[in-house]
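A.B. asks: Numbering (our numbering), first residue to last: 1 to 606. Beta carbons: idealized from backbone N, C-alpha and C, even for Gly. The model shown is predicted, which means the values in this text are computed figures rather than measured ones.
What follows is the structure, encoded as structure tokens:
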């Protein structure tokens, strides 16, 4: 599912082979099964398109006929969608604030072309992979600010989320206005806002496909979605809820909590257990990943994910599947919240929460509060400037728990080009203006993280689409994200609390044992088992494209990978980022590019 267009009449016929125009002005096109809603303005001079899944009723869309669209048009209704205005003077794009439906832009032959796929635009301009952007994704994934406005292809930029972008039809430079800013909402309780918007997001999907399925892992996020879906379903339907588990083991805590929920909603939830065997271990056949706009978050666990999709499609007839992805990023309070409390003069509460967090981590509260005080006096721009000096040095693994950009130990297997690329990217990010600089630090970092998670989730959705399943993440709906991030500082949840906002929003709906759960099953053992099982293949894989870019040193990477497989304690996160990137590069090279119509071919089509 791809859509796009050109803002200029100077570039006729700029669309992919097989696509279709959506308007008589021939500015916007769609390729594949793109959900499209269309409204014409009252004066007839402007056509408004809603592209992507949107839960608005037809009557709701009548507001789009007015002279000016409401600023909240991309987060007013459930779903992840882009709104386009076409007129003789300009094409106007409205992007969603969560980046759940990213839109990309490229200059081509003196005009602008935009598209929902960065890889599609790269095929138009013959753009190569952006090595600097790739390095940031591997070595500094905890600093999403470095990727702001950039795709994984040189010259292909991502349009700013939560913005109104005007593309004049005469080819002049785009004009961008930031329209989304999560200012505190003091009118309604945060739990009420979350419950209303999350239920709306789930109910709209249920109405669209009452035969949908949902993850029910036993954790709070996916179980909440399953319960809301069960409540929203018509009486004649039952929700297909899926819990995966290790083959031969159905006594784990995750399965037990999922069963409690299914029992509480007997007659509304049809509970399915799906066993995962050795063929579903992490790292299995990661080289077979499909080509996407960027490395998919589920690359390492691809076999498990595709196995689940195939089983649901065959056994349940699933067309739409909901997951709890994004819940952690949205509902956990960032540590910088302590710095915000100090900056706003809430010293007593900051000390209280500092002690609460220190008890949870079994450390002294003094370093936490000292770090919070330092962070409260440091701006985001200043933190980025200081970051340049830390990259790849002894301070790269700084253990401070409260800081703008946490850095993990720099791997010994980084290539000779890596540090220079990371420093260049950090310099650029530090110099770039921040359109949301007035937000509290914890809110600003949440915006960065949520946008990163939502954008990368699109790659997982592309993997699901290959199995003819529409993957849906209600926690990443812009409407839900907006509701949570507007929480005033005095009502924000403590850093050390386990998702109390969701617990309050789901009050009376979840079984008490599930609502009170503070832990979640871990798949770490599976990752080490998969690493041992597939070590020879992985050692061969890493001696490839990344090595050719001087981003990794293969001999050092081989040593670290072998040590991890042997059981030496270490974090696998950065290694898995590199392996995912290598698999993605190979998929991009072997997969055919999207073909675009030339002006002469377009004339023949007409």
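1) If you draw a straight line from the alpha carbon of residue 535 to that of residue 132, how long is it in whole angstroms?
2) Decide if the segment 96-112 is in contact with the segment 500-509; the criterion is three or more beta carbon pairs, one per stretch, under 8 Å apart.
3) If you reduce the DSSP assignment to three classes, tell me which class residue 250 lands in.
4) Considering only their Cβ atoms, is the gap separating residue 79 from residue 201 smaller than 9 Å?
5) Can you tell me whether DSSP reads residue 165 as helix, strand or coil?
6) Could you check the C-alpha separation between residue 47 and residue 301 for me, to the nearest Å?
7) Between residue 222 and residue 125, is the Cβ-Cβ spacing less than 9 Å?
8) Judging by CA-CA distance, which residue of 244, 246, 227, 245 is the nearest neighbour of residue 238?
9) Please identify the residue among 163, 443, 137, 582 whose C-alpha is closest to the C-alpha of residue 183.
10) Just reading off the beta strand (DSSP E) that residue 61 is part of, what are its end residues?
11) Would residue 488 pass as a contact of residue 186 if the rule is Cβ separation under 9 Å?
12) Going by C-alpha to C-alpha distance, which of 553, 566, 542 sits closest to residue 530?
13) For residue 16, which residues from the same chain have a beta carbon less than 6 Å from its beta carbon, with the 5 sequence-adjacent residues on both sides left out?
14) Enumerated in chain order, which unbroken segments of the beta strand (DSSP E) with a length of 3 residues or greater are wholly contained in the segment 443-510?
15) Taking the C-alpha atoms as reference points, what is the distance between residue 494 and residue 509?
16) Residue 50 to residue 307, Cα distance in whole Å?
17) Which of the three DSSP states is assigned to residue 628 in this structure?
18) Within the same chain, show all residues whose beta-carbon is closer than 6 Å to that of residue 496, passing over the 5 residues directly before and after it, in chain order.
19) To the nearest angstrom, how far is it from the Cα of residue 43 to the Cα of residue 579?
20) Do residue 459 and residue 294 have their C-beta atoms closer together than 9 Å?
21) For residue 587 and residue 164, I'd like the C-alpha separation in whole angstroms.
22) For residue 397 and residue 84, what's the separation of their Cα atoms in angstroms?
23) I'd like to check one pair, residue 419 with residue 220: are the Cβ atoms closer than 9 Å?
24) Rounded C-beta distance between residue 342 and residue 376? I'm assuming under 8 Å.
25) How many angstroms separate the CA atom of residue 407 from the CA atom of residue 143?
26) Quick check on residue 3: does DSSP put it in helix, strand or coil?
27) For the alpha helix (DSSP H) that contains residue 266, what are its first and last residues?
28) Using DSSP with H/G/I as helix, E/B as strand and the rest coil, what is residue 574?
29) In three-state terms, what does DSSP make of residue 333?
30) Look up residue 435 in the DSSP assignment and say whether it is helix, strand or coil.
31) For residue 283, does the three-state DSSP call read helix, strand or coil?
32) Return the residue from the list 97, 250, 29 that minimises the CA-CA distance to residue 277.
33) If I'm right that residue 273 touches residue 243 with Cβ under 8 Å, what's the distance once you round it to whole angstroms?
34) With respect to the beta strand (DSSP E) encompassing residue 321, which residues constitute its N-terminal and C-terminal limits?
35) Quick check: what's the CA-CA separation for residue 556 versus residue 537?
36) Under the rule that 16 or more other beta-carbon atoms within 10 Å means buried, what is residue 3, buried or exposed?
C.D. replies: In this structure, then:
1) Residue numbering aside, residue 535 sits at position 535 when the chain shown is read from its first letter. Residue numbering aside, residue 132 sits at position 132 when the chain shown is read from its first letter. In a straight line, the C-alpha of residue 535 is about 28 Å away from that of residue 132.
2) Taking a cut-off of 8 Å for Cβ pairs, the segment 96-112 and the segment 500-509 do not touch, as fewer than three such pairs fall below it.
3) Residue mapping note: residue 250 aligns to position 250 of the chain shown, counting from 1. The DSSP-derived three-state label of residue 250 is coil.
4) By 1-based counting over the chain shown, the position of residue 201 is 201. By 1-based counting over the chain shown, the position of residue 79 is 79. Taking 9 Å as the Cβ cut-off, residue 201 and residue 79 qualify as a contacting pair.
5) One-based indexing of the chain shown puts residue 165 at position 165. Three-state result, residue 165: strand.
6) Here residue 47 corresponds to residue number 47 of the chain shown, with the count starting at 1. Here residue 301 corresponds to residue number 301 of the chain shown, with the count starting at 1. Here the alpha carbons of residue 301 and residue 47 stand approximately 43 Å from one another.
7) Locating residue 222 in the chain shown gives position 222, where the first residue counts as 1. Locating residue 125 in the chain shown gives position 125, where the first residue counts as 1. Against a cut-off of 9 Å, the Cβ pair of residue 125 and residue 222 comes out as no contact.
8) The residue given as residue 238 occupies position 238 in the chain shown. Closest in alpha carbon position to residue 238, among 244, 246, 227, 245, is 227.
9) Locating residue 183 in the chain shown gives position 183, where the first residue counts as 1. Among 163, 443, 137, 582, the Cα nearest to that of residue 183 belongs to 443.
10) Position 61 of the chain shown holds residue 61. Neither: residue 61 is in no beta strand (DSSP E) and is coded neither H nor E.
11) Translated into positions along the chain shown, residue 488 becomes position 488. Translated into positions along the chain shown, residue 186 becomes position 186. Yes. Within cutoff.
12) In the chain shown, residue 530 corresponds to position 530, counting from 1. Taking each of 553, 566, 542 in turn and checking the Cα distance to residue 530, the smallest one comes out for 566.
13) Residue mapping note: residue 16 aligns to position 16 of the chain shown, counting from 1. Within the same chain, 31, 594, 596 come within 6 Å of residue 16 by CB-CB distance, once the 5 residues on both sides are set aside.
14) Runs of the beta strand (DSSP E) inside the segment 443-510: 470-472.
15) Against the chain shown, residue 494 aligns to sequence position 494. Against the chain shown, residue 509 aligns to sequence position 509. Roughly 23 Å separates the two Cα atoms.
16) For this step, residue 50 is matched to residue 50 along the chain shown. For this step, residue 307 is matched to residue 307 along the chain shown. When only Cα atoms are considered, residue 50 and residue 307 end up about 33 Å apart.
17) Lying outside 1 to 606, the shown extent of the chain, residue 628 is not represented and no answer is given.
18) In the chain shown, counting from the first residue as 1, residue 496 sits at position 496. So the list reads 356, 357, 360, once near-sequence residues are dropped.
19) Reading the chain shown from its first residue, position 43 is the one you call residue 43. Reading the chain shown from its first residue, position 579 is the one you call residue 579. For the pair residue 43 and residue 579, the Cα-to-Cα distance works out to about 54 Å.
20) Your numbering for residue 459 matches position 459 in the chain shown. Your numbering for residue 294 matches position 294 in the chain shown. Result yes, Cβ atoms of residue 459 and residue 294 sit closer than 9 Å.
21) Here residue 587 corresponds to residue number 587 of the chain shown, with the count starting at 1. Here residue 164 corresponds to residue number 164 of the chain shown, with the count starting at 1. Approximately 34 Å, taken between the alpha carbons.
22) In the chain shown, counting from the first residue as 1, residue 397 sits at position 397. In the chain shown, counting from the first residue as 1, residue 84 sits at position 84. For residue 397, the pLDDT reaches just 48, beneath the cut-off of 50, and the residue's location in the model is therefore unreliable, leaving the point undetermined.
23) In the chain shown, residue 220 corresponds to position 220, counting from 1. In the chain shown, residue 419 corresponds to position 419, counting from 1. At the C-beta level, residue 220 and residue 419 stay beyond 9 Å of one another.
24) Position 342 of the chain shown, counting from 1, holds the residue named residue 342. Position 376 of the chain shown, counting from 1, holds the residue named residue 376. With a beta-carbon spacing of about 4 Å, residue 342 and residue 376 fall inside the 8 Å limit used to define contacts.
25) Residue numbering aside, residue 407 sits at position 407 when the chain shown is read from its first letter. Residue numbering aside, residue 143 sits at position 143 when the chain shown is read from its first letter. If you take the alpha carbons of residue 407 and residue 143, they lie about 8 Å apart.
26) The count along the chain shown starts at 1 and reaches residue 3 at position 3. In the structure shown, residue 3 falls within a strand segment according to DSSP collapsed to helix, strand and coil.
27) On the chain shown, residue 266 is found 266 positions in, with the first residue counted as 1. No alpha helix (DSSP H) holds residue 266; DSSP gives it neither H nor E.
28) Here the question's residue 574 lines up with position 574 in the chain shown. Here residue 574 sits in helix by DSSP.
29) Translated into the one-based positions of the chain shown, residue 333 becomes position 333. In the three-state reduction of the DSSP assignment, residue 333 falls in the coil class.
30) Taking the chain shown and counting its residues from 1, the one referred to as residue 435 is at position 435. Coil, per DSSP.
31) Counting from 1 along the chain shown, the entry for residue 283 is found at position 283. Coil, per DSSP.
32) Your numbering for residue 277 matches position 277 in the chain shown. Sorting 97, 250, 29 by C-alpha distance to the C-alpha of residue 277 places 250 at the top.
33) Position 273 of the chain shown, counting from 1, holds the residue named residue 273. Position 243 of the chain shown, counting from 1, holds the residue named residue 243. So it is a contact: roughly 6 Å between Cβ atoms.
34) Taking the chain shown and counting its residues from 1, one reaches residue 321 at position 321. Segment 320-322, the beta strand (DSSP E) holding residue 321.
35) Walking along the chain shown from the start, residue 556 turns up at place 556. Walking along the chain shown from the start, residue 537 turns up at place 537. Using only the alpha carbons, I get a separation of about 16 Å.
36) As a first step, residue 3 is located in the chain shown; it is residue number 3 there, counting from the start. When all chains shown are included, residue 3 counts as buried.
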